[in-house]
Structure formats: structure tokens, C-alpha cells
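Trainee: Residue numbers (my numbering), protein chains in the order written: chain G, 1 to 329; chain V, 1001 to 1325. Backbone N, C-alpha and C fix where the C-beta goes; we use that ideal spot for every residue, glycine too. This is the structure, below, for whatever I ask next.
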Amino acid sequence: MLDACKYLRMIILVGGVVSCKPENISPVARLEITPAIGDSLTVFYFDARNTTDENNYLLSLKVRWDWDGDGYWDTDFSANKEEVRRFSGAGYHHVRMQVTDLDGLVSMVEDSIYLFEQNSYLDSMTDPRDQQVYRIARINGYWIMTENLRYGIAISDSVYPADNQVTEFHLFNNSAENLSYGGLYTWDEVMLYNYRVDNQGICPPGWHVPSAREWRNCLAAYPNHGANMDYYLGPGSPSGFNLEFYGSLSRNLQTGRVYYPGFTQSVDFWCSDPPENHWYLDERYEFVSAVSFWSLGRNTHLVEYRPVDPPFIPVRIISHYLRCFKNDE
Amino acid sequence: MLGLIAFASSCSTDFDPLASGPAVPVVYSVINYPDTVRWVRVSRSFQLRGSAYGEPVSGDSLEFKDIRVSLEKWHGDYLIARSEMLPEERLRDSGYFPAGPNPFFQLRYSTKTLDFFSGNSEDLIKLIIERPGQPIVYSQIHPVTIPEISTPRHEGEKVELFNLIEPFFLSWTSMEYYQEMYLEFHYADHYADRSIDRIALWKEYHSIPPPDPEKPLTKVFLTGVHFMQRVASNIRLDTAVTHRTFKKIVMRLYLTDENIYTYNIINQVIQEDQAGAGNTNIVNGCGLFGATSRAERWFILAYRSMDSLANGQYTKHLHFTNWGS
């Protein structure tokens, strides 16, 4: 009898009757959520079709949902195993899904999604040197300018800034109309010809030129590869970063002419340090560093500059924008 | 007893099997990778009390008003692009309700939408349809990329089908779920008073899904005897033809994702009255959201193959001239 019931559960009833019933095992709830992070506009897709049960077909299994993780089921049991919905409210949202089979056995799975927080730490600061007002935001422990610095005097793009105690910058397309974009500075001007990390450089008092590491730390909560930077960091984005693609100023070494590549497609910001794998060549062939954001297609990421062989570079970067950082206090 | 009577009398007999149920969004969209326009058709289910031919159908019963259709492209958990599709009314093909609305939504190629016309198979394309006060209609697919044809190596290559040492094969690289390869045999029928260009077409190969990740390269050998038999069986006899000339052979590859493959397989066995369970990958609706791609390359026959086409035992009766004159 025991051999016959090798794979069956033996139930001994009170009357001494012995019977064998197929052992019923609870279904196994499985849940896949796409995506795992988003904002209030994101449509989250909940797929429970990989739920399994040894004794029942998937079609006969029913699921119910608790959309806010409060312990109360928000739906009745349904055979529909796919759901889509939006969420509101920043932070983590816990979701529970329970599956039941035809015998009433249940199992549950719990997962969560994360909604980007709309940055509530937005403010402004006044540069005491020239009384210009800049919007700022606190992101991941740093106060960061959300406008590009425009301190100093604008010079023609036919002139290279000099170490003359006067902060000089270029303007996009050499036009005064583009002053609102910020100044395009050479790295030497940004660092005040004093090359060290955490340098105040030409930033307002209390602020400094960020290192590449600080850039990475500041934006660690946001995608840095394969994402739409405008959506995550652009004007009106949850980050408050106010990323605008204003290009840069470069020189074509073959023609000798300056030009302004990348408008609406990319923007570059200087870093204070030449850290590992963040090298780039400036006008004077020195190794300096910058971070670069691209808006389009696959290259939508914070670029990590890598060492390049000078003979293969027909272009020299002249000027980038600058956003100053201040450590949160 | 009184209770039983009261219970029985409370039963309603209002059940109407033809009563209107909730309108279900019916969505069809196939993202064909090389196309420059993305289309989505969104109509609604409806129920008639009589014949579909005999009863007028208003536009309101065939389409949803005030809906928004969007495409999103994601890479992992990150959004790459989001774009709302524009409504466009297109003329219907003949058939049921030829005068009814034909609600399409389109997204055309531009610098602002190019993310939806590029990418790789790891990306996710999401279709989102919103109706005021109603659940979101949703589906998601991976794009199907263009296969890379490796043999013939270039357009117009001259190939020898009777090379016994190195048998000729057609080959391409792709890991898509289902693949079909057609051969088009282009030729001309010459009559006493005119010439007509014609195409003989047959399916030379189809894959058996799912693909083997260890074998992204597909090789289909095309030997001379097999090919000549195919030509003979796909060109009808015509005694009025004085002679025929060969022009070229076009290899056409068609690839689909699992959604379209499954949809086609299941619908092949559903009866015409639509009894039985259909297939859909539309959440909160029904229909199909799938992806396809295609590629093609043409080639011509080398000396021995041409000689066989003209004089060989399988095709001699078709009267092909040897050098296409």
C-alpha cells in the first residue's frame, strides 16, 4: 500500500479508512514588473503569467492584487494575470499579488516600484561678485547650479582667453543674445590657472568646480546610459537639474576654424580633476576632464571620456560650460 | 413554500443574449523595422442584432472617441523616447462596412521620432492607449532588427548551383523567433507579338521556432537539381510562348517575433465563425501588437546553371534561352 502511494499523500481517516489522494501543492506566484522605476506618467506593467501550479493549468489560476501594500486586497480574484496602471506619490510603492488554484490553495508574491521624487529642494542664490541670480537645486547631498555660470566678460571667439586676472568667456555662436546659455569657458579660466581638485576656480564664494566623482555621485539616482536625458534631467524633470543641450566650442584643426557643435544634442561641463578614464584634450593638448550629456538615441548618457591618441583627433575642444557645486551643510 | 414562491418570482427573465456588452478595444499594429511610418489601428468591438450586411453601423460603434495613443521606447528600466501618435483616417478596403470609419494612428520618421526607427532587440517598445475613465490598453514588444545576409555576398552576384565541391547556400544571421525565406524567379515570357515580365515565387525555407541561441547563422543549401525542379513546378506551361529569358533571382527574408507567429498559428485553426479562443497580447483589449523585419538580395546564375536552365532535363520544356537574349 505504501508503495502504491509512493507519490501520494496518505490520509488516515478517523474510521480507520485509508485513502490516497494526489498531493496538492500550492501554486507558485511569480510577478514581473516593467519598469521598476518611473514617475507619475509611467505606465507600469504587472505580468503574473509565469505563475505556476503543478496540478492546474495557468488558465484556471486566479489572482488578486493589493496595489498599495496596505494588507487589503484591492481587487477580486480574476483569471486576468496582466495589469497595467500608473502610480502617484514619490518613493517606493509595494505591490502584492496572491494566486489561488481550484482547490483554494494560495501563495503570494510581493514586489515594489520606485517613483522618482519631484525635487522639492529648489532655490536660488545670488553671486555676490556681480549680483547675478542663479537657480540652484539640492540633489543627492550636493547643491548644484541649475543654470550655467555666466561670470566674467564675454570675448570674441577669435580671441583665446589669457591669464590676466580677468575671467573671460565665449558666447555660443559668438552672439550676445546667447548670454542666457551661460559662458563657454576654457579649462584654464575655470581653474584660475590653478590645477587642483575641489578648486573654487571661478565659482562664487563657497562653491567649487566639481570633480567627475562628484558629478557621478550627484546624479547616481538617475540613469547614466541608454536613457532619455531630457526626460530625466531636462527642464521640468523630477530631478530639477534643468539640463539644456547648448553644445560647446571647438576648433577644427584641419581648417583652423572654430565652430559650435552639439546644439540641442549635447552639452559638456568642466570637471576640476583629470581622474582615471576621464581624459580629454583641450586646446593646448593637456589632459583635462569634462562630463558630457547627449540627448539623442543610444548615446543618451553621461559620457566618460577616455584616453585618445592625439593624431586621430582633428578637433580640439576650446570651451565648455560650468556648473558649480556646493556640499550640502 | 411561500418563501420558495417569492424566491422564484423574484427571478428576472430579462436576460438578453444580444444585449450590448462593454466595448472592447481592438488593436492591430505591426512594427516593421525598415518602414518609415509606424501604424496602429484602434477600433472597438460591437454587437449587432441582425445581419452585418443588413444593419447600418454608425461610426460611434466602430471607433473610440477621445483616445490617446502613444509609443514609448525603453531600455531596461529607463525611458529612451515617448511620442504620441497622430490620428489619421484611412479609406477602408472593400468588405464589411466599407463606408465606416477606419481609425488609424501614425508616427512618422523624423529627427524627433527616430528612436522608434532604430535600436536593438533588447529595447522594449510599449504601446499605450488611454481612454477617459477606462483602464489603460497596453502592450509591449521587442523590435525585430534587420537580418544580415552573408550569402550571396553582394547584390547581383553570379552563383553556380552545380558546384559539387562547394555546394552553394544562402545564409544570413538573425535570432528572431520565426523566419521565412522566399525565392522570386524573375523571367520574361516572349510571345510572337509581345513580351511579358513574370515572377515565379515560392517559399524556400521557414524556421522552426524557437531559435537556437547557439546558431544565429542560418544556411540554406540551394543545389542545382532542387532549384531546377522548383522552377519547373512554379512556371505554368504556355504553348504560345516562343521562348523565355531569365532575369534574376531575388531572395526575400521575412522575420517575425513570437507574437505574430503565435497569432498566425492560432488563427489558422480557428474556424471562420471565430469560435474558439483567439490570441491576443493586448492587455485590457484584444488584437495584436507585433514586430517584423525583412531583407532582400538578388543574384544571377552562372554558366553551368544557365546551361542547365536552358537545356537540363527539368526545365528544358520551358524554352529558356541560355544567355537571356
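Would you mind working out which of G:S158, G:W270 and G:V63 sits nearest G:S211, comparing C-alpha positions?
Mentor: Minimum Cα distance to G:S211 is reached at G:W270.
Trainee: Cβ of G:R251 within 8 Å of Cβ of G:R316?
Mentor: Their beta carbons are under 8 Å apart, which means G:R251 touches G:R316 by this criterion.
Trainee: State the Cα-Cα distance for the pair V:G1312 and V:H1243, rounded to the nearest angstrom.
Mentor: Looking at the two C-alpha atoms, the distance is approximately 15 Å.
Trainee: Thinking C-alpha only, which one of V:E1180, V:M1228, V:V1042 and V:A1188 is nearest V:P1209?
Mentor: Closest option to V:P1209, Cα to Cα, is V:E1180.
Trainee: Does the beta-carbon of G:E214 have 16 or more other beta-carbons within 10 angstroms, so that it is buried, or is it exposed?
Mentor: That one is buried.
Trainee: Using the C-alpha atoms, what's the distance from G:V109 back to G:P204?
Mentor: If I take the Cα positions, the gap works out to 52 Å.
Trainee: Output the distance between the C-alpha atoms of G:Y121 and G:D70, rounded to the nearest integer angstrom.
Mentor: Looking at the two C-alpha atoms, the distance is approximately 29 Å.
Trainee: When Cβ atoms are compared, which residues of the segment 68–95 of chain G fall closer than 8 Å to chain V?
Mentor: So the close ones are E82, E83, V84, R85 and R86.
Trainee: Along the beta strand (DSSP E) that carries G:M125, what are the first and last residues, could you check?
Mentor: That run of the beta strand (DSSP E) goes L122 to T126.
Trainee: Which ranges would you report for the alpha helix (DSSP H) in the segment 1190–1260 of chain V if only whole runs of at least 4 residues count?
Mentor: Complete alpha helix (DSSP H) runs here, min 4: 1224–1234.
Trainee: Spell out whether any CB of chain G is found under 8 Å from the CB atom of V:V1030.
Mentor: It does not; no Cβ of chain G falls within 8 Å.
Trainee: For the beta strand (DSSP E) that V:V1283 lies in, which residues bound it at each end?
Mentor: Neither: V:V1283 is in no beta strand (DSSP E) and is coded neither H nor E.
Trainee: Could you tell me the alpha carbon to alpha carbon distance between V:F1116 and V:A1081, rounded to whole angstroms?
Mentor: The alpha-carbon atoms of V:F1116 and V:A1081 are separated by roughly 8 Å.
Trainee: Looking only at its own chain, which residues have a Cβ that is under 8 Å from the Cβ of G:V267, when we skip the five neighbours before and after it?
Mentor: Within the same chain, G:V267 has close Cβ partners L243, E244, F245, Y246, G247, S248, S292, F293 and Y321.
Trainee: Please confirm if the segment 47–65 of chain G is in contact with the segment 1064–1083 of chain V, defined as three or more CB-CB distances below 8 Å between the two stretches.
Mentor: No, because fewer than three Cβ pairs between the segment 47–65 of chain G and the segment 1064–1083 of chain V fall closer than 8 Å, the two stretches do not touch.
Trainee: Keeping to the same chain, check which residues put their C-beta closer than 8 Å to that of V:L1201; ignore five residues upstream and five downstream.
Mentor: Only Y1182, L1183, E1184, F1185 and N1234 meet the Cβ criterion.
Trainee: Hey, would you say V:L1301 sits closer than 8 Å to V:L1164, going by beta carbons?
Mentor: Cβ atoms of V:L1301 and V:L1164: not closer than 8 Å.
Trainee: Between the alpha carbons of V:P1216 and V:I1196, how many angstroms are there, rounded?
Mentor: C-alpha separation (whole angstroms): 40 Å.
Trainee: Whole alpha helix (DSSP H) runs in the segment 188–219 of chain G with 4 or more residues, listed along the chain?
Mentor: The qualifying runs are 212–218.
Trainee: Between V:R1044 and V:S1029, how many whole angstroms is the CB-CB distance? I'm expecting something under 8 Å.
Mentor: 15 Å between Cβ atoms; not a contact.
Trainee: Ordered along the chain, which non-local residues of its own chain (more than five positions away) have a Cβ less than 7 Å from that of G:P223?
Mentor: The answer, listed in chain order, is Y232.
Trainee: Pick helix, strand or coil for V:E1180, following the three-state DSSP scheme.
Mentor: If DSSP states are grouped into helix, strand and coil, V:E1180 belongs with the strands.
Trainee: Run through DSSP, which three-state label would V:Q1140 get?
Mentor: In this structure, V:Q1140 counts as strand in the three-state DSSP scheme.
Trainee: Using 8 Å as the limit for Cβ to Cβ distance, is G:V43 near chain V?
Mentor: Yes, because at least one Cβ of chain V sits closer than 8 Å to the Cβ of G:V43.
Trainee: Of the choices V:K1247, V:P1152 and V:I1149, whose alpha-carbon is the least far from that of V:H1190?
Mentor: The shortest C-alpha separation from V:H1190 is found at V:K1247.
Trainee: With a threshold of 8 Å between beta-carbons, can G:N299 be considered close to chain V, or not?
Mentor: Confidence in G:N299 is poor, its pLDDT being 48 and thus under 50, which makes the residue's placement unreliable; the coordinate value appears in the next sentence. Judged by the 8 Å Cβ criterion, G:N299 is not in contact with chain V.
Trainee: If you count every other CB in all the chains shown that lies within 10 Å of the CB of V:Q1140, and 16 or more means buried, which is it?
Mentor: V:Q1140 should be labelled buried.
Trainee: Determine the burial state of V:S1305: buried for a count of at least 16 other Cβ atoms within 10 Å of its Cβ, exposed for fewer.
Mentor: Classification of V:S1305: buried, given that the 10 Å Cβ count is 16 or more.
Trainee: Grouping DSSP H, G and I as helix and E and B as strand, with all else coil, what is G:K81?
Mentor: Residue state, collapsed to three classes: coil.
Trainee: From V:G1224 to V:Y1205, what does the alpha carbon distance come to, in whole angstroms?
Mentor: Between V:G1224 and V:Y1205, the C-alpha separation is close to 16 Å.
Trainee: Check the Cβ-Cβ distances between V:H1075 and every residue of chain G, and say whether any is below 8 Å.
Mentor: Taking Cβ atoms only, chain G reaches closer than 8 Å to V:H1075, which makes this a yes.
Trainee: Looking at chain V, is there any beta carbon in it that lies within less than 8 Å of the beta carbon of G:A354?
Mentor: In the structure as shown, chain G starts at 1 and stops at 329, and residue 354 of chain G therefore has no counterpart that could be examined.
Trainee: How big is the Cα-Cα spacing for V:P1152 and V:N1259?
Mentor: Cα-Cα distance, rounded: 30 Å.
Trainee: Please compile the residues from chain V whose C-beta is within a distance smaller than 8 Å of the C-beta of G:Y231.
Mentor: Chain V residues near G:Y231: L1079 and R1082.
Trainee: For G:S124, I'd like the list of residues in its chain whose CB is within less than 8 Å of its CB, leaving aside the five on either flank, ordered along the chain.
Mentor: Answer for G:S124: V133, Y134, R135 and I136, listed in chain order.
Trainee: Under 8 Å between C-beta atoms, does G:G262 make it to chain V?
Mentor: So no, G:G262 is outside the interface.
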